[in-house]
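Visitor: The structure's right below; bear with me while I get my questions together.
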Amino acid sequence: MATRLKIKTSEGDIIIRLYDETPKHRDNFLKLAKEGYYNGTLFHRVIKDFMIQGGDPNSKNAPKGKVLGTGGPDYTIPAEFIYPQLFHKRGALSAARTGDEVNPERASSGSQFYIVWGKIYKSAELKQLERQMGIQQEQDVFNQLAKQHHDEIMNLRRNRDHVGLQTLQDKLIEETKEKCKSQGKPTFTPEQNETYTTLGGTPFLDNQYTVFGEVEEGLDIVGRIQNCQTDCNDRPSEDVRIETIEVL
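Structural data, given as structure tokens:
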């Protein structure tokens, strides 16, 4: 049985469906919704042609101009990337999180979420993104390998062994190429290509943030919210409130 909820906002109703493939996120969102955790919170961060973000408990009754976005329960949720099956198409419901530098495991915020708007892409733009994803893949693999050789690298640096460092670097570059070859180059599936060039979305967020649901009805409401006037911190000038989230 699909888990469906109604997000009643000051702009209209948005019906979402939570995915069973991401049970930790589904169960957490359901629990918070049933507790009334989201009632009275704002869509506190809105970026046109990108997304609308909510779920910060500090946004309840927040005075005008207050900077929001750091609130939440005292826990995070382990990432549940079901990629490429679940991706950042327009209307995708995804979990917000802190950046990779402080959150290398890409764990999700305990309460903050965003609904994707994005843009419609040309095929050539998706090809360019695939190239960038390939570069990122190589960088990630190289960094992982370098981490495994951390002590050896530090010893070589201490001893100013430039030849040894260069030899190790060459070895790691070769290992990186082999590993990337075995993993396969990052490419968009036919479904992603079709969706991103017709419906739209934010493909550059794929496999970076957990997608755990989607909008079934009320995408026009999301469109209206992402189009609203905002201040320099991306907070809507006129509050866009989540009145209730109820299970259907």
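The numbering of the sequence shown is our numbering, which starts it at 408 and goes up by one.
Every residue gets a Cβ at the ideal spot worked out from N, C-alpha and C, and that includes glycine.
Owing to the predicted nature of the structure, the values given are computational and were not obtained by experimental measurement.
1. Please report the Cβ distance between F488 and T617, rounded to the nearest whole angstrom; I am assuming they are in contact, meaning their Cβ atoms lie under 8 angstroms.
2. In this structure, how does DSSP classify Q519 when only helix, strand and coil are distinguished?
3. Under 9 angstroms between the Cβ atoms of L575 and H556?
4. What is the rounded straight-line gap between the Cα of G525 and the Cα of I454?
5. Kindly indicate which three-state DSSP category D638 falls into: helix, strand or coil?
6. Excluding the 5 residues preceding and the 5 following T410 in the sequence, name in chain order all residues of the same chain whose CB lies nearer than 7 angstroms to its CB.
7. Measure the alpha-carbon distance for A499 versus G462 and round it to whole angstroms.
8. Pull the bridge partners of F494 from the DSSP assignment, please.
9. Based on DSSP bridge pairs, tell me the residues matched to R648.
10. Take P643 and list the residues in its own chain whose beta-carbon comes closer than 6 angstroms to its own, dropping the five residues that flank it on each side.
11. Taking DSSP as the reference, what is the three-state secondary structure of S501?
12. Going by DSSP, what residues sit across from V622 in a beta bridge?
13. Express the C-alpha separation of K554 and D568 in angstroms, rounding to a whole number.
14. Determine the direct distance from the alpha carbon of S417 to that of T429, and round the result to whole angstroms.
15. Tell me, to the nearest whole angstrom, how far the beta carbon of F611 is from that of E537; I am working on the premise that it is less than 8 angstroms.
16. Just to confirm, are T602 and Y445 a CB contact at a threshold of 9 angstroms?
17. On the three-state DSSP scale, how would you describe M540?
18. Assign D613 to buried or exposed, taking buried as 16 or more other Cβ atoms, counted over all protein chains shown, within 10 Å of its Cβ.
19. Just the Cα atoms here: how many angstroms apart are I649 and A440?
20. Beta carbon of E378, beta carbon of K413: below 9 angstroms?
Guide: Judging by the given coordinates:
1. Sure, about 6 angstroms apart at Cβ, within 8 angstroms.
2. Here Q519 sits in coil by DSSP.
3. yes
4. 9 angstroms
5. coil
6. R424, L425, R433 and L437
7. 16 angstroms
8. Per DSSP, none; premise fails for F494.
9. L449
10. V453, C635 and T637
11. strand
12. I423
13. Whole-angstrom Cα-Cα distance: 19 angstroms.
14. T429 and S417 have their C-alpha atoms roughly 28 angstroms apart.
15. The pair is not a contact, with the Cβ atoms about 11 angstroms apart (cut-off 8 angstroms).
16. no
17. helix
18. buried
19. 11 angstroms
20. A question about residue 378 goes unanswered here, because the residues of the chain that appear run from 408 up to 655.
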